[in-house]
Each structure stands twice: as structure tokens, then as C-alpha cells.
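J.: Quick note on the working numbering: the sequence shown kicks off at 459 and runs consecutively.
Glycine included, C-beta positions come from ideal geometry on N, C-alpha and C.
Note that the coordinates shown come from a computational prediction; the quantities given were computed from them, not determined experimentally.
Here it is, the structure, as C-alpha cells.
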Amino acid sequence: MAFGSASETEYILLLSFELGYLTKGDYEAIDPLIQEVKKMLSKLIITIRK
459 MAFGSASETE YILLLSFELG YLTKGDYEAI DPLIQEVKKM LSKLIITIRK
């Protein structure tokens with residue numbers, strides 16, 4: 459569920475940028491943070507499944 463929410467946030471970020479609500483700088487500042495959260499969630503999911 460959390461990974462899905464992170465993916466949804468990633469999509470909303472991209473959509474907001476494409477619609478002009480965010481500057482390129484804002485998008486480039488936020489996107490790596492979302493990617494990092496998704497990596498952490500993936501590692502957590504893998505650890506829990508072991």
C-alpha cells in the first residue's frame with residue numbers, strides 16, 4: 459500500500475510539472491526524494507518477505 463502511494467505521488471508530481479504548477483527546479487528537487495523513498499520501501503518489502 460505504501461509503495462502504491464509513493465508511485466501515486468510520483469505521478470502527481472510529474473502531472474503537476476507538465477501542467478505548469480511546478481517549475482523544472484521544483485520538480486528536479488522533489489523527484490529524487492520520491493525515488494529514494496521508493497527504494498527504501500522496496501528494500502523494506504524485500505526484508506519483510508524473507
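#1: Could you give the distance in angstroms between the alpha-carbon of ILE492 and the alpha-carbon of GLU468?
#2: Taking just the CA atoms, how far does LYS496 sit from SER463?
#3: Reducing DSSP to helix, strand and coil, say where MET459 ends up.
#4: If contacts are defined as beta-carbon pairs under 8 Å, then ILE488 and LEU471 qualify, I think. What distance do you get, rounded to the angstrom?
#5: Would you kindly report the start and end of the unbroken alpha helix (DSSP H) that includes LYS508?
T.: By the coordinates alone:
#1: 6 Å
#2: 10 Å
#3: coil
#4: 6 Å
#5: Unbroken run through LYS508: none, as it is neither H nor E.
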